[in-house]
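In my numbering, the protein residues as written are 14 to 526.
What follows is the structure, encoded as C-alpha cells:
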C-alpha cells in the first residue's frame with residue numbers, strides 16, 4: 014500500500030520527452046477494527062481505535078446499534094454484553110468484538126408480616142430488593158436484635174411505641190435505602206377523677222390508649238360513656254370501678270366517692286298565670302332535693318307570703334307581678350324568682366280619636382288592655398281593624414261605636430260625628446260668607462248671603478268631634494248677620510258647621526286667650 018508517481022517517456026526520431034505525475038497511483042490498505050470501553054454504571058463510553066476505516070457499525074449486544082465513531086450507550090439492565098464494531102473502507106470490512114459487564118445499583122424494598130400489634134410484637138421481614146443486591150444492612154429502632162445482615166430477619170419489640178426500620182441494599186455499583194414504621198401497642202392506662210355535687214358525681218376519664226370503657230358506680234348501675242355523670246338515690250360511700258379496654262387487653266381501677274346530701278333546687282309553676290281581677294292563683298311546688306320548708310313571696314297578692322308547699326293567693330288589682338320561692342333542707346337553700354309571672358287583667362279602657370276630611374275619617378285607636386276590637390260606624394258598616402279608615406257617602410250626623418275586647422270582657426265608647434259630603438256637581442249655595450274676628454276669645458260674628466232657606470243651623474264641635482254648641486237662625490231672605498258669644502270655651506281649634514237644607518259649610522274657629 015502507498016502512493017506512487019507515474020512517469021511517461023515519449024520517443025521520436027527527433028528525440029524524446031519525459032512527464033511525471035506525482036501521486037497518481039494510490040494503493041489502500043484494508044481497515045483495522047478496535048475499540049476500548051469505559052463503564053460508568055449503566056453508561057458506557059466507547060473509544061474507537063480502528064485504522065483506515067471510513068465508516069462504522071456498532072452492535073451493543075442489547076439490540077441497539079449506532080454508526081457514530083465514538084458512541085455512548087446506556088444499558089437498562091445488569092448483565093454481560095458482547096459489543097461488536099465493524100470498520101469499513103473501499104478495501105472491505107473488518108469486525109472487532111469485546112464484552113462489557115454492567116452492574117447497576119440495587120433498589121431497596123421490603124415487607125413485614127405485621128406493622129402494628131400488641132407488645133411483645135414479633136415481626137418477620139421479607140427482603141423485596143432488586144435481584145442485583147448482594148448485601149443487606151438492617152437497623153431496628155427499639156427491637157431485638159437492633160441490627161442484622163440477614164436477608165429476611167425476625168425482630169421482637171417488647172415495649173410499646175412507634176419505631177423505625179431501615180434496610181440498606183448494596184452491590185459493587187452502589188446502595189439504596191428503604192424505611193418502614195412499626196407501631197407497638199400496650200395495655201391501656203386506666204385513671205379517673207371525680208367531683209360530687211349533692212347526690213350527683215361527675216367522673217372525668219383520664220385513661221390513655223383505651224378504646225372503650227365500662228363504669229360500675231357501686232349501686233348496681235353501670236355506664237359505657239367516656240365521662241359519665243351519675244346521680245345516686247341516697248347518701249353514702251360508693252366504690253366506683255373503671256375498666257379501660259383496647260385490643261391488647263383491659264385494665265381496672267377503683268376509687269371511692271362520698272355522696273352527701275345536696276341543697277334543694279327551687280322550681281314551681283302556677284296553675285294559671287293570666288286572669289281577670291279578682292284573680293285566684295294556685296301554685297305547685299316542683300322543687301328537687303326534698304325541701305323541708307317553703308317561703309313564698311307574692312307582691313300584690315292576698316296573702317303576700319306563705320309557708321305552705323302549694324299555696325293559693327288572690328290578686329285584686331291589675332298588673333304584672335313577680336313570685337319568689339325559697340326552699341330549704343338540712344343541706345342548704347335555694348331561691349327562685351320569676352319576674353312578670355302573674356298577669357292580672359281588667360276590662361279594657363276604650364279611647365279613640367279621629368280626623369275627618371270631606372267624608373273620609375281616619376280613626377286612631379288609643380285603647381289599652383284590649384286583645385281585639387269591633388267598630389260600628391253608624392252607617393251600617395263595621396270593622397275589626399285597630400285603626401280603620403272609613404268613608405261616608407252621605408252627609409249627616411253619625412254615632413261611631415268602638416268596642417274593645419279582652420279575656421275579661423268588653424267596654425264600649427261612642428262618639429258623634431258630623432260628616433260633610435259635598436258633591437262636585439252641587440251649585441254654590443253661598444254667595445258670600447265671613448267669620449270675624451278669627452282667631453277670637455270665643456265671641457265672633459258670622460255674615461252670609463246665598464240661596465234662601467227657612468232656617469240655618471250652626472253646630473260647633475271640639476277637636477274630639479264632641480258637639481259643644483248648637484244654634485238655629487232664620488235664613489228666609491238669604492241674608493244673615495249673627496253674633497255668637499262662646500266666652501266659656503277653652504283655647505283650642507273648633508269646627509263650626511253651617512247647615513242649610515242639604516248644604517253644609519265647615520269653618521275652623523281658633524279660640525285664644
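All C-beta atoms in this analysis are idealised placements derived from N, C-alpha and C, irrespective of residue type, glycine included.
| What is the DSSP secondary structure of residue 147, counted as helix, strand or coil? | In the chain shown, residue 147 corresponds to position 134, counting from 1. Three-state result, residue 147: coil.
| said: Along the chain, where does the beta strand (DSSP E) containing residue 156 start, and where does it finish? | reply: For the purposes of this step, residue 156 is taken as residue 143 along the chain shown, with counting starting at 1. Where residue 156 is concerned, there is no enclosing beta strand (DSSP E), given that its DSSP letter is neither H nor E.
| field | Neighbourhood of residue 493 by C-beta, 7 angstroms cutoff - its chain only, sequence neighbours within 5 removed | value | On the chain shown, position 480 is the one that residue 493 refers to. Apart from the 5 residues on each side of it in sequence, residue 493 sits with its Cβ closer than 7 angstroms to the Cβ of 461, 469 and 486 in its chain, given in chain order.
| 6 angstroms Cβ shell around residue 168 - same chain, five flanking residues per side excluded | Locating residue 168 in the chain shown gives position 155, where the first residue counts as 1. The residues are 136, 153 and 156.
| request: Label residue 285 either buried or exposed according to how many other C-beta atoms from any shown protein chain fall within 10 Å of its C-beta, with 16 as the threshold for buried. | output: Against the chain shown, residue 285 aligns to sequence position 272. Label assigned to residue 285: exposed.
| said: Would residue 354 and residue 283 be called neighbours here (beta carbons separated by less than 8 angstroms)? | reply: As a first step, residue 354 must be located in the chain shown, where it is residue number 341. As a first step, residue 283 must be located in the chain shown, where it is residue number 270. Cβ distance < 8 angstroms, so residue 354 and residue 283 count as in contact.
| Cβ-heavy atom distance, residue 302 to the ligand MG, below 7 angstroms | No copy of the ligand MG occurs in the structure displayed, which carries no ligand at all.
| said: Using a 10 Å radius around the Cβ and a threshold of 16 neighbouring Cβ atoms, would you call residue 440 buried or exposed? | reply: Working through the chain shown from its first residue, we reach residue 440 at position 427. Confidence at residue 440 is low in this model, with a pLDDT of 46, below 50, so its placement is unreliable and the value that follows should be read with caution. Answer is exposed; the Cβ neighbour count stays below 16.
| Same chain, Cβ closer than 6 angstroms to residue 514, neighbours up to 5 away in sequence not counted | Translated into the one-based positions of the chain shown, residue 514 becomes position 501. These residues qualify, in order along the chain: 466.
| request: Please list, in chain order, all residues of the same chain as residue 329 whose beta carbon is under 6 angstroms from its beta carbon, the five residues on each side excluded. | output: Counting from 1 along the chain shown, the entry for residue 329 is found at position 316. Cβ within range, chain order: 290 and 291.
| Which residue comes first and which comes last in the beta strand (DSSP E) that contains residue 517? | The residue you call residue 517 lines up with position 504 of the chain shown. Note, residue 517: beta strand (DSSP E), 516-524.
| request: Please list the segments of the beta strand (DSSP E) lying wholly inside the segment 255-325, counting only runs of 3 or more residues, in order along the chain. | output: The qualifying runs are 262-272, 281-283, 287-289, 292-298 and 306-310.
| query | Can the beta-carbon of residue 102 be found less than 8 angstroms from the beta-carbon of residue 51? | reply | Start at 1 with the first residue of the chain shown, and residue 102 comes out as number 89. Start at 1 with the first residue of the chain shown, and residue 51 comes out as number 38. Residue 51 sits away from residue 102, with the two beta carbons spaced by 8 angstroms or more.
| At what residue ranges does the segment 207-241 contain a whole run of the beta strand (DSSP E), taking only runs of 3 or more? | For the segment 207-241, the full-length beta strand (DSSP E) segments reaching 3 residues or more read 213-218 and 225-229 along the chain.
| With 16 as the cutoff for other CB atoms within 10 Å, does residue 163 come out buried or exposed? | For the purposes of this step, residue 163 is taken as residue 150 along the chain shown, with counting starting at 1. Exposed, since its Cβ has fewer than 16 Cβ neighbours within 10 Å.
| field | Close Cβ partners of residue 198 (< 6 angstroms) along its chain, the five nearest in sequence each way excluded | value | Working through the chain shown from its first residue, we reach residue 198 at position 185. If we look at residue 198 and ignore the five residues flanking it on each side, its Cβ neighbours are 131, 173 and 261.
| task | Starting from residue 397, trace the beta strand (DSSP E) both ways and give me its first and last residue. | result | Position 384 of the chain shown, counting from 1, holds the residue named residue 397. Where residue 397 is concerned, there is no enclosing beta strand (DSSP E), given that its DSSP letter is neither H nor E.
| query | Counting along the chain, where does the beta strand (DSSP E) carrying residue 171 start and finish? | reply | Within the chain shown, the letter at position 158 stands for residue 171. For residue 171, there is no enclosing beta strand (DSSP E), as DSSP marks it with neither H nor E.
| Exposed or buried, which one is residue 73 when buried takes at least 16 other CB atoms within 10 Å? | For the purposes of this step, residue 73 is taken as residue 60 along the chain shown, with counting starting at 1. Per the 10 Å Cβ criterion, buried.
| field | Which residues DSSP lists as bridging residue 417, in chain order | value | Within the chain shown, numbered from 1, the residue matching residue 417 stands at position 404. BP columns for residue 417 point to 386 and 424.
| Cβ pair count under 8 angstroms reaching 3, the segment 398-406 against the segment 360-373 | With the cut-off at 8 angstroms, the segment 398-406 and the segment 360-373 touch.
| Hey, how far is the Cα of residue 90 from the Cα of residue 116? | For the purposes of this step, residue 90 is taken as the residue at position 77 of the chain shown. For the purposes of this step, residue 116 is taken as the residue at position 103 of the chain shown. Spanning the two alpha carbons is a distance of roughly 8 angstroms.
| said: Looking at residue 310: is its Cβ nearer than 8 angstroms to the Cβ of residue 337? | reply: One-based indexing of the chain shown puts residue 310 at position 297. One-based indexing of the chain shown puts residue 337 at position 324. Inclusion of residue 310 and residue 337 in the CB contact set at 8 angstroms is warranted, their separation being smaller than that value.
| Bridge partner(s) assigned by DSSP for residue 131 | For the purposes of this step, residue 131 is taken as the residue at position 118 of the chain shown. According to DSSP, residue 131 shares a beta bridge with 198.
| field | Cut-off 6 angstroms between Cβ atoms - residues of its own chain near residue 520, not counting five sequence neighbours on either side | value | Position 507 of the chain shown holds residue 520. The answer, listed in chain order, is 448 and 509.
| said: Quick check: the Cα distance between residue 114 and residue 193, rounded to an integer number of angstroms? | reply: On the chain shown, position 101 is the one that residue 114 refers to. On the chain shown, position 180 is the one that residue 193 refers to. Distance from the CA atom of residue 114 to the CA atom of residue 193, rounded to whole angstroms, is 34 angstroms.
| task | Report buried or exposed for residue 299, applying the criterion of at least 16 other Cβ atoms within 10 angstroms of its Cβ. | result | For the purposes of this step, residue 299 is taken as residue 286 along the chain shown, with counting starting at 1. Exposed is the call here.
| query | By how many angstroms is the C-alpha of residue 490 removed from the C-alpha of residue 481? | reply | If you number the chain shown from 1, residue 481 lands on position 468. If you number the chain shown from 1, residue 490 lands on position 477. Here the alpha carbons of residue 490 and residue 481 stand approximately 28 angstroms from one another.
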